[in-house]
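Peer 1: Residue numbers (UniProt numbering): 1 to 234.
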Amino acid sequence: MNTAITSKGLDPKGLLIGWGIIVLWAISLVFLLSYEINWKNPLVYLGILVQMHLYTGLFITAHDAMHGIVSSNKNWNNLTGWIAAMLFSYNFYWRLFPKHHDHHRFVATDRDPDYHASGNFLVWYFSFIRQYITIWQFLLMAVTFNILKLFLPTENLIVFWMIPAILSTLQLFYFGTYLPHTGESTNRHHSNSQSKNHVWAFITCYFFGYHFEHHDSPCTPWWRLWRVKEQQTA
Numbered sequence: 001m002n003t004a005i006t007s008k009g010l011d012p013k014g015l016l017i018g019w020g021i022i023v024l025w026a027i028s029l030v031f032l033l034s035y036e037i038n039w040k041n042p043l044v045y046l047g048i049l050v051q052m053h054l055y056t057g058l059f060i061t062a063h064d065a066m067h068g069i070v071s072s073n074k075n076w077n078n079l080t081g082w083i084a085a086m087l088f089s090y091n092f093y094w095r096l097f098p099k100h101h102d103h104h105r106f107v108a109t110d111r112d113p114d115y116h117a118s119g120n121f122l123v124w125y126f127s128f129i130r131q132y133i134t135i136w137q138f139l140l141m142a143v144t145f146n147i148l149k150l151f152l153p154t155e156n157l158i159v160f161w162m163i164p165a166i167l168s169t170l171q172l173f174y175f176g177t178y179l180p181h182t183g184e185s186t187n188r189h190h191s192n193s194q195s196k197n198h199v200w201a202f203i204t205c206y207f208f209g210y211h212f213e214h215h216d217s218p219c220t221p222w223w224r225l226w227r228v229k230e231q232q233t234a
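#1: Taking phenylalanine 31 as the reference, give the member of Ser217, Trp222, Leu225 and Leu152 with the closest Cα.
#2: Assuming phenylalanine 208 and glycine 183 are in contact, meaning their beta carbons sit under 8 Å apart, how far apart are those beta carbons, in whole angstroms?
#3: Could you give the C-beta distance for aspartate 114 and phenylalanine 126, rounded to a whole number, given that I count them as a contact under 8 Å?
#4: Under 8 Å by Cβ, that's how I've got tryptophan 226 and histidine 198 pegged, so tell me the actual separation to the nearest angstrom.
#5: When DSSP labels each residue in this structure, what does tryptophan 39 get in the three-state scheme?
#6: Reducing DSSP to helix, strand and coil, say where histidine 116 ends up.
#7: Which residue wins for smallest C-alpha separation from leucine 16, given the options Tyr55, Asn77, Phe88 and Asn41?
#8: Helix, strand or coil for phenylalanine 207, going by three-state DSSP, please let me know.
#9: Report yes if the CB atom of phenylalanine 59 is closer than 8 Å to the CB atom of leucine 172, and no otherwise.
#10: Within 10 angstroms of its Cβ, does glycine 47 collect 16 or more other Cβ (buried), or is it exposed?
#11: In chain order, what residues of the same chain have a beta carbon less than 7 Å from the beta carbon of tryptophan 124, not counting five sequence neighbours either side?
#12: Cβ atoms of tyrosine 206 and threonine 56: under 8 Å apart, would you say?
#13: Whole angstroms are fine: how far does the CA of histidine 211 sit from the CA of histidine 190?
#14: Compute the distance between the beta-carbons of phenylalanine 160 and leucine 29, then report whether it is under 8 Å.
#15: What is the rounded straight-line gap between the Cα of glycine 18 and the Cα of isoleucine 203?
#16: Going by alpha carbons, who is nearest to lysine 149 out of Tyr45, Leu33, Pro12 and Trp25?
#17: For isoleucine 69, which three-state DSSP category applies?
#18: For the alpha helix (DSSP H) containing residue 237, list its first residue and its last residue.
#19: Considering only the alpha carbon of each residue, which of His53, His63, Arg188 and Leu140 lies closest to leucine 170?
#20: Using C-beta distances below 7 Å, list every residue in its chain close to glutamate 213, excluding the 5 sequence neighbours before and after it, in chain order.
Structure representation (structure tokens):
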């Protein structure tokens, strides 16, 4: 298993891609918060889905930073991860960090914070959420919402800022945790992996449906996981 990576082995595009996602999320949100909502217009629903996917991209960027693969510069790596996590509903990077590494260390056991032995979707989802969301996040979101609604339409804040974030947690959980770790898996990483389809893998969860591949090569950035899949299915 590839568990370590040197600075020379890091692709410098990682920082550009990470900040690209952050900037795209911000530009999209600024546009959508001033967009006139008409529920008969399909672009409203498309906007929700795009923003949901960009929220997921924020979390994936923070995730890659936790593996030290956004940048060979440790300060830039951690700063990028911290900002990406904070923009996703005030997730605290340094709180996520040990929990994610516990997931890799104790995958699919009672010491894995991402896992729930019941296999029940809703029970598992709420257990997953409790691991990563704190009362402070709710308070910070509430304060931010009440400040922003002084300047922006409340409906837009709910539709394009809050709902996509909630949907993104479902996207991350279903494609990045539930499907990969549900049921009995006898391989060494206790991880299922979706069939090779790179377009679908990107759309669903930035290639994290290739979950065995991620656990087998945790120092491969999300945007190169498709190559690991190619190698393992060759």
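C-beta: ideal position from N, C-alpha, C; glycine also.
All values reported here derive from a predicted model rather than from experimental measurement.
Peer 2: Looking at the atomic coordinates:
#1: Leu152
#2: Between glycine 183 and phenylalanine 208 the Cβ distance is about 17 Å, and since that is not below 8 Å, they are no contact.
#3: With 8 Å as the limit, aspartate 114 and phenylalanine 126 do not qualify as a contact, their Cβ atoms being about 13 Å apart.
#4: 5 Å
#5: coil
#6: coil
#7: Asn77
#8: coil
#9: yes
#10: buried
#11: His116, Ser118 and Tyr178
#12: yes
#13: 10 Å
#14: yes
#15: 17 Å
#16: Leu33
#17: coil
#18: The requested residue 237 does not occur in the structure, where the chain is confined to residues 1 to 234.
#19: His53
#20: Ser193, Leu225, Val228, Lys229 and Gln232
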